[in-house]
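Here's the structure we're looking at; comments come further down.
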Amino acid sequence: MEPFNVLWLQGASCGGCTMAALDNGHSGWFADLARFGIDLIWHPSLSEATADEAVAIFERVADGAQRLDALVLEGAVLRGPNGTGRFNMLGGTHRAMLHWVRALAPCANYVVAAGSCAAFGGVPMAGSNPTDASGLQFAGVEAGGVLGAAFRSRAGLPVINIAGCAPHPGWIAETLAALALGGFDSEALDSFGRPRFYADHLAHHGCARNEYYEFKASAETLSQQGCLMEHLGCKATQAVGDCNQRGWNGGGSCTSGGGACIACTSPGFEASQNFMETAKLGGIPVGLPLDMPKAWFVALAALSKSATPKRVRANATADHVIVPPRTDHGRRK
Amino acid sequence: MTRRVTVGPFNRVEGDLEVRLDIDDGVVTSAEVTAPLYRGFEQILRGRPALDALTLAPRICGICSVSQSLAAAAALRAVDGLRAADNGVLAANLAHAAENAADHLTHFYLFFMPDFARDAYAARPWHPDIATRFKAVQGSAAQQMLPARARLLQIMGLLAGKWPHSLAFQPGGTTRAIDLGERVQLLSIIGDLRDVLERIVFADSLDNVLALDSAAALERWREGRGGDFARFLALADDLALDRLGRIALPLMSYGAYHGGDAPLFAAGVFDPATAQAHPLDPNDISEDVARAWMRDTSLRPSEAETDPDADKQAGYSWCKAPRLAGRPVEVGALARQAVDGDPLIRDLLARQGPNVSVRVIARLIETARLAAAMHDWARRLDLRAPFLGRAERRGEGAGIGLIEAARGSLGHWIELSDDKIRRYQIIAPTTWNFSPRDRDGVAGPLEQALAGTAVGDEGARSVAIQHIVRSFDPCMVCTAH
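This is how it looks when you write it as structure tokens:
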């Protein structure tokens with residue numbers, strides 16, 4: 621079988637998506653790639669080929685001499701200053717990464733953005749966006765980006781956006797493996813180009829704090845066990861991701877670690893401020909659970925608050941369980 | 005005749021790098037090091053709510069994100085004169101040590117050793133064995149190391165939710181209190197790290213490794229030994245790696261893993277030229293932009309701004325040139341262990357000074373020391389006490405957070421006004437090591453280490469260049485940030 625060739629480039633990245641990918645699988649990511657016939661023809665953190673050996677690979681791809689199944693970009697594309705891309709040159713080539721992305725993307729069967737920076741611009745776009753950073757096909761929520769809204773890779777798909785900062789190792793590995801397996805079509809992507817196998821879920825699903833959420837028993841400060849939505853900025857009910865269904869680093873997640881979900885899979889997440897504080901209007905959180913009418917949310921919240929069991933209320937503001945569940949002398953009904 | 009060659013993209017350096025070499029008669033006479041990426045984190049942070057630094061700063065770097073978090077938390081803590089909860093200090097130490105140990109192993113197995121599998125060494129007797137073991141992506145060592153690394157990073161799942169980029173690290177400690185079962189899980193992961201080090205890396209007990217106290221003891225120990233450390237030592241001998249990448253700049257450490265009476269690894273400066281250690285004064289730190297694509301604001305990080313100028317004619321890097329009392333210094337595991345007085349490292353330095361070989365040795369010895377310390381910290385967690393201290397923040401004034409990342413000294417200088425960030429300045433480890441020249445024309449540590457390297461007819465393709473650059477374990481994404 622022909623290998624599925626992947627060329628991985630890093631633009632304005634922190635390298636964290638690669639670090640996450642290296643965390644994948646019981647046998648290690650390399651073994652996992654081999655299992656699905658994926659050949660990393662070059663990866664900046666991993667490959668032996670360096671300098672002119674690496675440039676030769678890029679040129680063969682750009683010339684069409686080397687088939688490219690997937691171009692993976694990690695990191696935002698910097699367009700500044702003044703459209704030159706000089707904030708991010710590719711070493712040894714006297715050319716900006718902006719140039720290389722534009723040259724190589726049309727050669728690939730699939731173009732994959734690893735992480736929210738390559739997908740939407742991400743953290744480098746925050747604040748005044750000093751480097752004119754952009755994602756491949758989105759700049760924040762605006763379609764377009766570096767390649768343009770109309771861009772389709774050779775296989776006819778828009779950029780596949782493995783959003784997340786950093787994405788779960790499984791999101792990266794499974795997307796690449798699914799592409800190698802074949803049959804990956806536009807039905808597999810949501811409206812922001814995110815693979816639906818993880819983007820059809822909300823980060824809230826499976827959160828270990830779900831009982832606190834149900835009763836609106838809220839943590840008041842960090843390190844408390846209660847729900848983080850009311851006071852501590854948690855956006856898990858609005859952000860896509862199966863974060864709390866598959867464990868991170870063996871079983872963790874942002875919310876299990878005590879931090880709010882900052883919606884890192886969403887375009888423009890970096891534009892928020894006060895990440896660990898819930899924005900409210902008239903005492904009601906501005907960001908309500910997706911698909912939930914505000915009036916119902918307010919009514920249900922009031923009702924569930926009044927029904928909160930003492931145990932849940934007490935534990936919500938403690939950093940460990942101080943009131944255990946009743947044993948009822950072992951009787952079960 | 006001098007010819008100038010450009011080497012890049014320089015990979016397996018965490019980010020990208022470009023090096024220009026002047027070569028005369030097969031010897032590098034001068035080097036210029038370019039950090040080709042600038043993202044502008046200091047500009048992005050300006051004007052933000054103070055605590056947003058805890059979300060954004062870790063995203064400077066995906067390989068040392070806990071270090072960036074801890075430097076930001078330390079700077080914020082300094083502004084308000086807070087003290088972190090004891091458990092929070094221990095939990096942060098554990099997560100930080102897990103990251104740093106993972107980074108040292110990642111560097112050794114994925115970034116540094118694959119260069120010895122190159123065809124350039126095909127004639128050496130050890131090449132078939134080393135190529136099978138360390139070939140990039142395909143070698144047997146990486147197949148063992150990646151699952152071990154993933155296991156080690158499960159410490160993040162327990163203490164910090166996830167890695168990289170966690171929100172668990174706060175000025176008052178950490179956000180996740182663990183329970184009895186989770187302490188056992190921690191100790192189990194740390195036991196697995198110890199097991200991997202003893203079986204795969206050292207082929208001996210950590211106690212024996214940590215007892216190595218001189219170059220002579222190391223020589224005796226490695227005789228006939230298996231394991232990847234001894235494999236490296238054999239290579240280093242054959243290729244005389246102790247003669248590569250030599251410099252004699254001061255070695256600096258901010259001190260690492262705080263809490264208790266003293267940090268695990270002491271703070272200070274060790275001068276390999278005189279074998280003397282002396283205290284470190286953070287007021288001696290300056291950053292020069294004479295050859296950086298930056299506008300001149302102030303030499304002092306507590307007063308400087310970061311203002312890029314891509315058209316500056318004298319510039320050749322996005323990296324500023326940090327100096328300690330006006331001099332470049334080398335940072336990293338070698339510096340940490342030298343400053344802390346590790347007898348093996350001090351003895352090796354006395355014989356050869358800083359070089360490619362001793363940088364790698366220091367990293368692996370430090371990993372062994374970390375595994376032992378982690379066990380102790382996990383045992384010391386008091387499961388009835390809080391992990392996060394509560395204190396009122398004022399959010400007004402200036403603070404400095406100085407910590408040690410895997411690659412060396414990391415500092416965040418912050419100034420707050422009305423709980424908003426007025427100024428944020430970051431000097432990362434590779435900013436020190438890969439600094440450009442300063443206004444006096446003094447080259448940075450890597451630039452000095454490359455000068456004098458014999459490259460023969462191979463020029464830019466010389467493997468020696470690869471070894472020297474990677475011996476510093478650079479993190480280019482942090483460098484200009």
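Residue numbers (this note's numbering), protein chains in the order written: chain A, 621 to 953; chain B, 5 to 485.
From the three backbone atoms N, C-alpha and C, an ideal C-beta is built for every residue, glycine too.
If you check the beta carbons only, do Ile67/B and Asp107/B fall under 8 Å apart?
yes
Of all the options Ala339/B, Leu58/B, Ala82/B, Pro13/B, which has the alpha carbon lying nearest to the alpha carbon of Arg398/B?
Ala82/B
Using a Cβ-Cβ distance under 8 Å, would Pro449/B count as near chain A?
no
Counting only C-beta atoms, is His646/A closer than 8 Å to chain B at any point?
yes
Mind pulling the chain A residues with CB within less than 7 Å of Pro286/B?
Simply none; closest approach about 26 Å.
Look at the Cβ atom of Pro664/A, then the Cβ atom of Pro13/B, and state whether they are nearer than 8 Å.
yes
If you run the structure through DSSP and keep just helix, strand and coil, what is Cys847/A?
strand
Should the stretch 419-435 of chain B be called in touch with the stretch 36-56 of chain B, which here means at least 3 C-beta pairs below 8 Å?
yes
Please give the ranges of any alpha helix (DSSP H) in the stretch 424-474 of chain B, keeping only runs that are unbroken, at least 4 residues long and fully inside the region.
433-437, 449-454
Taking the runs of the alpha helix (DSSP H) that are 4 residues or longer, which of them lie wholly in the stretch 152-190 of chain B?
158-163
Starting from the Cα of Ala262/B, find the closest Cα among Asp285/B, Asn97/B, Lys166/B, Gly319/B and give me that residue.
In the sequence as displayed, the identity of residue 262/B is His instead of Ala. Of Asp285/B, Asn97/B, Lys166/B, Gly319/B, the residue nearest in Cα terms is Asn97/B.
Got a sec, what are the start and stop residues for the alpha helix (DSSP H) Tyr832/A sits in?
830-834
Give the secondary structure of Glu673/A by DSSP, where H, G and I count as helix, E and B as strand, and everything else as coil.
helix
Where Val335/B sits in the DSSP three-state scheme:
strand
Rank Thr179/B, Val481/B, Ser144/B by C-alpha distance to the C-alpha of Met160/B and give the top, closest one.
Thr179/B
Within the chosen definition, does the stretch 680-696 of chain A reach the stretch 627-636 of chain A through at least 3 CB pairs nearer than 8 Å?
yes
Looking at Ala899/A and Val860/A, is the spacing between their C-beta atoms short of 8 Å?
no
Only counting runs of 3 or more residues, tell me where the beta strand (DSSP E) segments fall wholly within the stretch 745-792 of chain A, in order along the chain.
780-782
How about Asp689/A: is its C-beta nearer than 8 Å to some C-beta of chain B?
no
Quick one: give me the first and last residue of the alpha helix (DSSP H) that Asn625/A is part of.
It is not in any alpha helix (DSSP H) - Asn625/A instead sits in the beta strand (DSSP E) that spans 624-630.
Measuring only between beta-carbons, confirm whether Val743/A sits less than 8 Å from chain B.
yes
In the DSSP assignment, find the beta strand (DSSP E) that holds Leu216/B and state where it starts and stops.
First-last for Leu216/B: undefined, no H or E at that position.
Per DSSP, which residues does Gln280/B bridge with? Please list them.
Asp275/B
Closer than 9 Å, Cβ to any Cβ of chain B: which residues of the stretch 873-906 of chain A, in chain order?
Ser873, Cys874, Thr875, Ser876, Gly877, Gly878, Gly879, Ala880, Ile882, Cys884, Glu890, Ser892, Gln893, Asn894, Phe895, Met896, Glu897
Quick check on His788/A: buried or exposed, where buried means 16 or more other Cβ atoms within 10 Å of its Cβ?
buried
Kindly list, in the order they appear in chain A, the residues whose Cβ is closer than 8 Å to that of Gln47/B.
Gly747, Ser748, Pro750
Closer than 8 Å to chain A by CB, Glu36/B:
no
Run down chain B in chain order and give the residues with a C-beta less than 7 Å from the C-beta of Leu842/A.
Gln174, Thr179, Leu392
Is the beta carbon of Gly784/A closer than 8 Å to that of Ser736/A?
yes
Measure the alpha-carbon distance for Asn212/B versus Ala640/A and round it to whole angstroms.
33 Å
Determine, using beta carbons only, whether Ala78/B comes closer than 8 Å to chain A.
no
Helix, strand or coil at Asn91/B [DSSP, three-state]:
helix
Extent of the continuous alpha helix (DSSP H) run through Arg355/B:
347-356
Report all residues from its chain with a CB closer than 7 Å to the CB of Leu666/A; omit the five preceding and five following residues, and keep chain order.
Leu660
Select from the stretch 157-170 of chain B all residues with a C-beta closer than 7 Å to any C-beta belonging to chain A, and list them in chain order.
Leu157, Gln158, Met160, Gly161, Leu162, Ala164, Gly165, Lys166, Trp167, Pro168, His169, Ser170
Are the C-beta atoms of Trp791/A and some chain B residue less than 8 Å apart?
no
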